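Q:
In my numbering, the protein residues as written are 5 to 550.
(1) What's the C-alpha gap between residue 6 and residue 241?
(2) Measuring only the C-alpha atoms, how far is residue 478 from residue 325?
(3) Would you report the Cα separation of residue 313 and residue 303, rounded to the nearest angstrom?
(4) Around the Cβ of residue 204, are there at least 16 other Cβ atoms within 10 angstroms (buried) or fewer (exposed)?
(5) Excluding sequence positions up to five away, which residues of its chain have a Cβ less than 8 Å from the Cβ of residue 234?
(6) My guess is that residue 11 and residue 96 are in contact by the Cβ rule of under 8 Å, so how many angstroms apart are they, rounded?
(7) Leaving out five residues before and five after residue 365 in sequence, what residues of the same chain have Cβ atoms less than 6 Å from its Cβ?
(8) Assign residue 270 to buried or exposed, taking buried as 16 or more other Cβ atoms, counted over all protein chains shown, within 10 Å of its Cβ.
(9) Between the segment 441-448 and the segment 457-477, do at least 3 Cβ pairs fall closer than 8 Å?
(10) Suppose the cutoff is 8 Å on Cβ atoms and the five residues either side in sequence are ignored; what does the same chain contact list for residue 449 look like?
(11) Closest by CA to residue 407, which one among 542, 531 and 418?
(12) Leaving out five residues on either side along the sequence, give the residues of the same chain with a beta carbon under 7 Å from the beta carbon of residue 515.
(13) Ignore the nearest five residues each way along the sequence and tell me which others in residue 507's own chain have a CB closer than 7 Å to its CB.
(14) Report the three-state DSSP secondary structure of residue 277 (helix, strand or coil).
(15) My guess is that residue 410 and residue 474 are in contact by the Cβ rule of under 8 Å, so how many angstroms apart are they, rounded?
(16) Sorted by chain position, which residues of the same chain lie with C-beta nearer than 6 Å to residue 537's C-beta, five sequence neighbours on each side aside?
(17) Mark residue 523 as exposed unless 16 or more other C-beta atoms lie within 10 angstroms of its C-beta, in which case mark it buried.
(18) When the Cα of residue 329 is compared with those of 393, 296 and 120, which residue comes out closest?
(19) Along the alpha helix (DSSP H) that carries residue 505, what are the first and last residues, could you check?
(20) Report yes if the C-beta distance between residue 463 and residue 395 is below 8 Å; otherwise report no.
(21) Quick one: complete alpha helix (DSSP H) runs, 4+ long, within the segment 115-139?
(22) Kindly identify the DSSP beta-bridge partner or partners of residue 49.
(23) Could you compute how far the alpha carbon of residue 152 sits from the alpha carbon of residue 166?
(24) Classify residue 159 as helix, strand or coil using the three-state DSSP reduction.
(25) Do the segment 56-68 and the segment 126-142 touch if we need at least three Cβ pairs shorter than 8 Å?
(26) Under the rule that 16 or more other beta-carbon atoms within 10 Å means buried, what is residue 34, buried or exposed?
(27) Does DSSP put residue 299 in a helix, in a strand, or in coil?
(28) Less than 8 Å separating the beta-carbons of residue 148 and residue 273?
(29) Compute the Euclidean distance between the alpha carbons of residue 2 and residue 177, then round it to the nearest angstrom.
(30) Run the CB neighbour count on residue 284, radius 10 Å, all protein chains shown included, and call it buried at 16 or more, exposed below.
(31) Thinking just about the alpha-carbon of each residue, which of 281, 139 and 156 is nearest to the one in residue 254?
(32) When the Cα atoms are used, what is the spatial distance from residue 499 to residue 347?
(33) Pairing CB atoms from the segment 70-81 with CB atoms from the segment 26-42, are three or more of them under 8 Å?
(34) When we look at the beta-carbon of residue 184 and count the other beta-carbons within 10 Å, is it buried (16 or more) or exposed?
(35) Just verifying my parser: in three-state terms, what is the DSSP assignment at residue 470?
(36) Would you mind sorting residue 534 into buried or exposed? The rule is 16 or more other CB atoms within 10 Å of its CB.
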């Protein structure tokens, strides 16, 4: 998928009040990067990702603009110096910030900072977009303390790895002393220090101090879990499924663990670079440095971190593991830069992509009569039956398109909320009532508001009209990855709610189906259970006589 972003798109979003986007008021080129012309393009070197700018503005004006971005000039002065409209400068700076080329004019740090550290924080700060300038990272460091505990050689190596960029103390606090404000405890666990970990974890949990546990063995290093009673499971739940790490670590493994720990703790403190903490733990195999990630989940019944009662469960439900793996981090740890994905040209284009089933015969649906939804609901009667007009209106509002884009850059408008405005589900109709439709299996083509007749055989059942909602993972995962499965379920919930509201206005009912046979439905619909899972099903029916 294209990762192209246009200045017009980003500038319009920033001007429209998107709080995740930053446009520097007094822009300064980030330290350690440079702009250079290459043919008809301008290339940005040194940023967190390679970037190229194309078009007449980039070719003729971008380098003169960045030459003036030294942190002393505002938008108006930049526009006057270049003979441009101020709005043009605003949009260009929005794109330059999004690309990692500029930041806000650095302020005073109040403490000495090495050129190497300031360059790293500035050059890579775009990877998260959490700071307006690198000096904010330094300010964050000034208010944080790392307490190193556990395995002695690892504590010593980590102390060297942190250097003097933040306050580092070694060993647990003395008797009667509590943690200082902004403290993070890092405990290095080996076979010899495993029993002591419990004492440190209990102390940190009791005092509300975040704890990062690092397990170091001869075969693997695990960074995590990060434990904070305000937002994560306890250390016992976070480590209950771990496998063996081998014996005591060698000197090289100790140095590896110390370096990785310092890197990710600095990422947590400064918010300048990316880290899998606080929600995930990473395991690094010593032999080949391959890395795997896991998410901590509270075991049902855990006396420390679970709200459920009863005995402690041996395993965690798969659904809880999945939810933890795709959970959004708390606001304090969120990377605003990830929000820019909404404005990539490819992600905008995907909202107007629709399945059409070109080889399947189509069945026209009656024009939906939206006036039936105005005023008091239609009174249900015992002689009431579902009609094709009813089905058409339910499909239109719950799954259909309200307005198609009329020009490039326009938006698809839907009747029902959809994650990312993508439309990551497909609605199918199973009809067993010839008075509504010839009995069979149909796919709803939302772009054209028609039904596509599918060749599959309708599964056995007594309900006359069934609505089956299938997730389109191939589509939604292009933008959201594994999080897309969750979005298909959320979309299905919104769609069923809309269908229920429409049905009630028509004097009908939508009855959710609690269970279904995935195999039978996949064969009937011609779908794949791996890429097109059934995420919801319901029955559209008239009132039954009791």
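All residues carry an ideal CB built from backbone N, CA and C; glycine is no exception. For clarity, every value in this text was computed on a predicted model and none was experimentally measured.
A: Well, looking at it:
(1) Any reading at residue 6 needs caution, since the residue's pLDDT is 48, under 50, leaving its predicted position unreliable; the model's value is listed next. Taking the straight line joining both Cα atoms gives about 40 Å.
(2) Straight-line Cα distance between these residues: approximately 22 Å.
(3) When rounded, the distance between both Cα atoms is 11 Å.
(4) Classification of residue 204: buried, given that the 10 Å Cβ count is 16 or more.
(5) Contacts found: 212.
(6) About 6 Å; that satisfies the 8 Å criterion.
(7) Hits under 6 Å: 457.
(8) Only buried fits residue 270, as 16 or more other CB atoms lie within 10 angstroms of its CB.
(9) Touching, yes.
(10) Excluding residues within five positions, the ones whose Cβ falls inside 8 Å are 358, 359, 360, 361, 366, 455 and 456.
(11) Selection 542, 531 and 418 evaluated against residue 407 yields 418 as nearest (Cα-Cα).
(12) Answer for residue 515: 542, 543 and 545, listed in chain order.
(13) Correct list, in chain order: 398, 513, 514 and 544.
(14) Reduced to three states, the DSSP call for residue 277 is coil.
(15) Contact between residue 410 and residue 474 does not hold, since the beta-carbon distance rounds to 29 Å and is not under 8 Å.
(16) Exclusion of the five residues before and after residue 537 leaves 475 as the residues of its chain whose Cβ lies within less than 6 Å of its Cβ.
(17) Exposed is the call here.
(18) Taking only the C-alpha atoms, the option nearest residue 329 is 296.
(19) Per DSSP, residue 505 belongs to the alpha helix (DSSP H) from 487-509.
(20) It is not a contact, given that the beta carbons lie outside the stated cut-off.
(21) Counting only runs that start and end inside the segment 115-139, the alpha helix (DSSP H) elements of at least 4 residues fall at 119-127.
(22) Among the bridge pairs identified by DSSP, residue 49 is matched with 38.
(23) Spanning the two alpha carbons is a distance of roughly 11 Å.
(24) Reduced to three states, the DSSP call for residue 159 is helix.
(25) They do not touch, by the three-pair rule.
(26) Taking all protein chains in view, the Cβ of residue 34 is crowded by 16 or more other Cβ atoms within 10 Å, so the residue is classified as buried.
(27) Strand, per DSSP.
(28) Residue 148 is a Cβ neighbour of residue 273, given a cutoff of 8 Å.
(29) The question about residue 2 has no answer here: the residues shown for the chain are numbered 5 through 550.
(30) A buried status is given to residue 284, since no fewer than 16 other beta-carbon atoms sit within 10 Å of its beta-carbon.
(31) Comparing Cα-Cα distances from residue 254 to each of 281, 139 and 156, the minimum goes to 156.
(32) Cα to Cα, the separation comes out at about 25 Å.
(33) Because the criterion of three Cβ pairs below 8 Å is met, the segment 70-81 and the segment 26-42 touch.
(34) By the neighbour-count rule (16 or more Cβ atoms within 10 Å), residue 184 is not buried but exposed.
(35) It is a strand residue.
(36) A residue is called buried once 16 or more other Cβ atoms fall within 10 Å of its Cβ, and residue 534, having fewer, is exposed.
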